[in-house]
DNA sequence: GAATCGTGGCG
DNA sequence: TCGCCAAGATT
């Protein structure tokens, strides 16, 4: 367990918050405290860059202005409104979450961490983020930005492959948390997104470079080069294209189909792959099965032909 | 605990 | 060009 000196922490707070007051990004979800709006933003922000959420969130909220409108919408409509966001499971879970909040909590998003964690699509990060950003409670938050920033500032960190463990970072985040945790957490995320970036951090613009444990590593250029490519397991592909991309193409095709009709497997195959042949039907079926399991697609048999559409219900 | 889940930008 | 990366959660 690393020790932190009070004076260092104070300087950290002062410099980061001063930088934040001047350089913060203007983001949609910082100008509201409506728990529902914050909730949607946090789900969208999971593994997704703020700039894209900034663009899509207003459209989504326009379509589903309240938790109730979302809960009463069809899955297909929610998935359609999720277009361009990626990770469509999130859309399905968000709608399911809304329905559970109505049946369990009378339509009020709960504010206790344990209750939040029981809802689909909410893990440790999102539960803490909601507590801090929607309810204004003093609460540490750790996302990939904060993990990288704290890892570099508080420990010598040569590459993003050598970040500190989650336990270490959560513990550190808790111990150095200032009074105004809302601004602090937002500030650290901005710093990580715009200055203390994963690749080519702009240490010359950093308000806490003089305090940073990794400052010398940067001068040596250690953090600049491409990451030592650690043999990561290649994800499954078909025709050189990752499984997930094929799934995405299918979902996009289903979105563009009018809600009453459906595609036969062969027709769908030709839409996502121009040279599709019947020999590839087993491959396509497996992809569809995955989408059905995830509650994104729905299949129906008519005589011997199988049809596909977005999940109804 | 590793594998899985989209999409677009950037170096 | 192509791999890495992005406000993670789930199984």
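Numbering (our numbering), first residue to last: 246 to 558.
C-beta atoms are modelled at their ideal positions from N, C-alpha and C, and glycine is treated no differently.
Helix, strand or coil at residue i [DSSP, three-state]
i: residue 387; result: coil
i: residue 554; result: strand
i: residue 305; result: helix
i: residue 376; result: helix
i: residue 265; result: helix
i: residue 334; result: helix
i: residue 274; result: helix
i: residue 431; result: helix
i: residue 499; result: helix
i: residue 256; result: helix
i: residue 493; result: helix
i: residue 351; result: coil
i: residue 322; result: helix
i: residue 397; result: helix
i: residue 444; result: coil
i: residue 294; result: coil
i: residue 527; result: helix
Alpha-carbon to alpha-carbon, residue j and residue i
i: residue 491; j: residue 458; result: 43 Å
i: residue 489; j: residue 248; result: 43 Å
i: residue 527; j: residue 296; result: 38 Å
i: residue 433; j: residue 447; result: 15 Å
i: residue 471; j: residue 376; result: Any reading at residue 471 must be qualified, since the residue scores a pLDDT of 45, below 50, and its modelled position is unreliable; the value itself is stated next. Distance between the alpha carbons of residue 471 and residue 376 is about 37 Å.
i: residue 261; j: residue 269; result: 11 Å
i: residue 415; j: residue 392; result: 8 Å
i: residue 548; j: residue 509; result: 12 Å
i: residue 533; j: residue 498; result: 12 Å
i: residue 276; j: residue 357; result: 23 Å
i: residue 341; j: residue 316; result: 7 Å
i: residue 505; j: residue 402; result: 55 Å
i: residue 453; j: residue 441; result: 10 Å
i: residue 483; j: residue 321; result: 27 Å
i: residue 286; j: residue 521; result: 38 Å
i: residue 361; j: residue 443; result: 30 Å
i: residue 536; j: residue 309; result: 24 Å
i: residue 481; j: residue 456; result: 43 Å
i: residue 427; j: residue 381; result: 7 Å
i: residue 252; j: residue 387; result: 23 Å
i: residue 487; j: residue 494; result: 11 Å
i: residue 267; j: residue 496; result: 42 Å
i: residue 273; j: residue 303; result: 8 Å
i: residue 558; j: residue 359; result: 28 Å
i: residue 406; j: residue 365; result: 29 Å
i: residue 545; j: residue 502; result: 16 Å
Reference residue i; option with closest CA among the options
i: residue 255; options: 518, 449, 281 and 420; result: 420
i: residue 384; options: 360, 425 and 354; result: 425
i: residue 292; options: 440, 370, 523 and 347; result: 370
i: residue 390; options: 356, 290 and 326; result: 290
i: residue 462; options: 428, 320, 356 and 398; result: 398
i: residue 258; options: 436, 349, 318 and 413; result: 436
i: residue 552; options: 513, 532 and 322; result: 513
i: residue 542; options: 525, 521, 507 and 511; result: 507
i: residue 278; options: 502, 374 and 520; result: 374
i: residue 460; options: 413, 394, 487 and 306; result: 394
i: residue 530; options: 520, 550 and 519; result: 550
i: residue 271; options: 439, 451 and 450; result: 439
i: residue 354; options: 511, 318, 312 and 524; result: 312
i: residue 300; options: 314, 323, 329 and 319; result: 329
i: residue 288; options: 264, 445 and 333; result: 333
i: residue 347; options: 430, 540 and 281; result: 281
i: residue 338; options: 379, 323, 545 and 349; result: 323
i: residue 284; options: 336, 511 and 263; result: 336
i: residue 306; options: 429, 327 and 319; result: 327
Limits of the beta strand (DSSP E) - the one that residue i falls within
i: residue 250; result: Neither: residue 250 is in no beta strand (DSSP E) and is coded neither H nor E.
According to DSSP, residues forming a beta bridge with residue i
i: residue 542; result: 555
i: residue 486; result: 483
i: residue 213; result: Absent from the structure is residue 213, since the part of the chain shown begins at 246 and ends at 558.
i: residue 317; result: Answer is none; residue 317 lacks a bridge partner.
i: residue 547; result: 550
Boundaries of the alpha helix (DSSP H) in which residue i is found, first to last residue
i: residue 440; result: Per DSSP, residue 440 belongs to no alpha helix (DSSP H) and is neither H nor E.
i: residue 406; result: Per DSSP, residue 406 belongs to no alpha helix (DSSP H) and is neither H nor E.
i: residue 280; result: 280-290
i: residue 411; result: 411-420
i: residue 360; result: 358-362
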